[in-house]
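Quick note, the sequence shown lines up with residues 0 to 217 if you use numbering that gives the first Met the number 0.
Cβ coordinates follow ideal geometry from the N, Cα and C atoms, glycine included.
Here's the structure we're looking at; comments come further down.
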Amino acid sequence: MKNIILMGLPGAGKGTQAEMIVDNYQIAHISTGDMFREAMAEGTQVGLEAKSFIDAGNLVPDEVTAKLVEERLSKADTNDGYILDGFPRTTVQAEMLESITANVNKPLQKVINIEVDPKLLVERLSGRFICRDCGATYHKIFNPTKVENTCDRCGSHNFYQREDDKPEVVKKRIEVNLEMNTPLIDFYREKGLLISVDGTRSRDEVFADINEALSSLN
Ligand code: AP5
0 MKNIILMGLP GAGKGTQAEM IVDNYQIAHI STGDMFREAM AEGTQVGLEA
50 KSFIDAGNLV PDEVTAKLVE ERLSKADTND GYILDGFPRT TVQAEMLESI
100 TANVNKPLQK VINIEVDPKL LVERLSGRFI CRDCGATYHK IFNPTKVENT
150 CDRCGSHNFY QREDDKPEVV KKRIEVNLEM NTPLIDFYRE KGLLISVDGT
200 RSRDEVFADI NEALSSLN
């Protein structure tokens, strides 16, 4: 069982590392950002509630986000393990998660914090592009597709850039998350669950550290 949180500022590489972990361990990937984007695309109530916050680079209210996570963690595909990508982001959410994991009996085992200097994040996010068919994430310079305009994973030629990756929204996202990050790191350090990895290296080097931490979990 591998029940983990991937923490890090916007663009730190949470989604990239989550894809690599899923390929290796076949555990459920729970990205609150992806869930909100799906809900917005489908026009659901949650999507409508989330849209104004996401478009402005702010956090969606804790109760809305925690409810989504609780529903997701209740599903059977998380029984063998899960990666929470982008949740929690506030200490209030972290406390809510403690109740959720106790309710569903899927205790958290490790919190991996991917550390990247905020100065590097704007470049990472403005160069990001995503496969519309399978969700694989690339970067124009740091992680291009092997064959131009063709997804390595599914062969699609259909890519997009996220609306909230516009420079003015990116700056706001980083600012909002920076403010919440330190108390959250302290919360998990005090619980003895936190490990930090240097996210400024190549994605394979970052993954090697994460993989080492995960291999000790059973
Ligand atoms: P979300 O989708 O979670 O966005 P985020 O946290 O801002 O993180 P990103 O997905 O932008 O970045 P990432 O760390 O996954 O980086 P990636 O791997 O893509 O959330 C979106 C919004 O939803 C939030 O702003 C908020 O409004 C709302 N929301 C979500 N969760 C919430 C919550 N819990 N509470 C309230 N609101 C919530 O990498 C970025 C780029 O860098 C890519 O191009 C990649 O190829 C490249 N890259 C990755 N690794 C490396 C590397 N090692 N070296 C060089 N480049 C790299």
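The C-beta distance from glycine 85 to tyrosine 24 rounds to 19 Å, too long to meet the 8 Å contact threshold. In the DSSP assignment, isoleucine 4 forms a beta bridge with Leu83 and Val110.
DSSP places arginine 152 in the coil class of the three-state scheme, outside both helix and strand. Between proline 106 and leucine 96, the beta carbon gap of about 11 Å keeps them out of contact (Cβ cut-off 8 Å). Valine 205 sits in a helix when the DSSP states are folded into three classes. With fewer than 16 other beta carbons inside 10 angstroms of its own, lysine 145 counts as exposed. Contact check for isoleucine 113 and alanine 38: beta-carbon distance about 25 Å, past the 8 Å limit, so the pair fails to qualify. Under the DSSP assignment, valine 59 falls outside any beta strand (DSSP E); it carries neither an H nor an E label. In this structure, alanine 55 and lysine 170 do not form a Cβ contact; the two beta carbons are roughly 12 Å apart against a cut-off of 8 Å. One Cα belongs to lysine 74, the other to proline 9, and the distance between them is close to 27 Å. The C-beta distance from alanine 17 to isoleucine 82 rounds to 5 Å, short enough to fall under 8 Å. Phenylalanine 158 is a Cβ neighbour of arginine 131, given a cutoff of 8 Å. Excluding residues up to 5 positions away in sequence, His28 lie with their Cβ nearer than 6 Å to the Cβ of valine 21 in the same chain. The Cβ neighbour count for glutamine 92, taken over all protein chains shown within 10 Å, is at least 16; the residue is labelled buried. By the beta-carbon neighbour count (other beta carbons within 10 angstroms, threshold 16), serine 30 is buried. Look at threonine 136 here: in three-state DSSP terms it is strand. The residue among Ala135, Met179 and Arg71 with its C-alpha nearest the C-alpha of aspartate 151 is Ala135. Residue Ser125 holds the alpha-carbon nearest to the alpha-carbon of valine 168 among Ser125, Lys139, Pro143 and Pro182.
Contact between glutamine 108 and isoleucine 3 holds, since their C-beta atoms are separated by about 6 Å, short of 8 Å. In this structure, Val110 is the residue among Val110, Glu62 and Thr64 with its C-alpha nearest to the C-alpha of serine 195.
Counting along the chain, valine 121 sits inside the alpha helix (DSSP H) bounded by residues 120-125. With a cutoff of 8 Å on beta-carbon distance, threonine 43 and leucine 183 are scored as not near each other.
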